[in-house]
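Counting along the sequence shown from 1, when you hit position 29 you're at 243 in the numbering used here, and nothing is skipped either side.
The C-beta atom is built at its ideal place from N, Cα and C for all residues, glycine as well.
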Amino acid sequence: MEKEEERFCLYCGKSIGTRKNRLFCDSDCRNDYHNRLRRKKLRIKNEMYDKLNYNRNILSGVLMEGRTCISIDEIRKRGFMEGVVSGYRQNKNKQEYACLDILYHRSKTRIFKIRKKTEGDQ
Ligand SMILES: [Zn+2]
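1. Residues in its own chain within less than 7 Å of Leu273 by CB, not counting five upstream and five downstream?
2. For ligand 1, which residues count as neighbours when the test is a C-beta closer than 6 Å to any heavy atom?
3. Alpha carbon to alpha carbon, how far is Leu251 from Arg343? Give it in angstroms, no decimals.
4. Identify which residue in Leu266, Lys234, Glu218, His248 has its Cα closest to the Cα of Cys226.
5. DSSP three-state label for Ser285, please.
6. Measuring alpha carbon to alpha carbon, tell me which residue in Arg292, Arg257, Lys255 is nearest Tyr268.
7. State the beta-bridge partners of Arg320 as determined by DSSP.
8. Please say whether Tyr302 and Glu296 have beta carbons closer to each other than 8 Å?
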């Protein structure tokens, strides 16, 4: 017969015996565990939003210069992070990317057709 394995609280690491349906010592540990998880998720979400907003401001800066196109090299120099997008969709045969309220297309060498999202894009 297989030996029952000792289990440990997911929050504090103390032994909680061998019962398989138990994950925590008590409700305090369970609540603290879920609170910590929630804070961690929130922090990750905030960090992601900060990166999106950073990219968004770079794209907005290009628009404010009266341009809708910029080379990848140039936008990289401004700190643009290519992997950071809030969405993308197929528009005709081109992939259109979204960075919060700004949309753009991209090729290997440039980012182009940069524009602000309008009502019609929803
Ligand atoms: Zn515990």
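For this structure:
1. Cys313, Ile316, Tyr318, Ile328
2. Cys223, Tyr225, Cys226, Lys228, Phe238, Cys239, Cys243
3. An answer regarding residue 343 cannot be provided, because it is not within the stretch 215 to 336 covered by the chain.
4. His248
5. strand
6. Tyr268 has its Cα closest to that of Arg292, out of Arg292, Arg257, Lys255.
7. Ile325
8. The Cβ-Cβ distance between Glu296 and Tyr302 does not fall below 8 Å.
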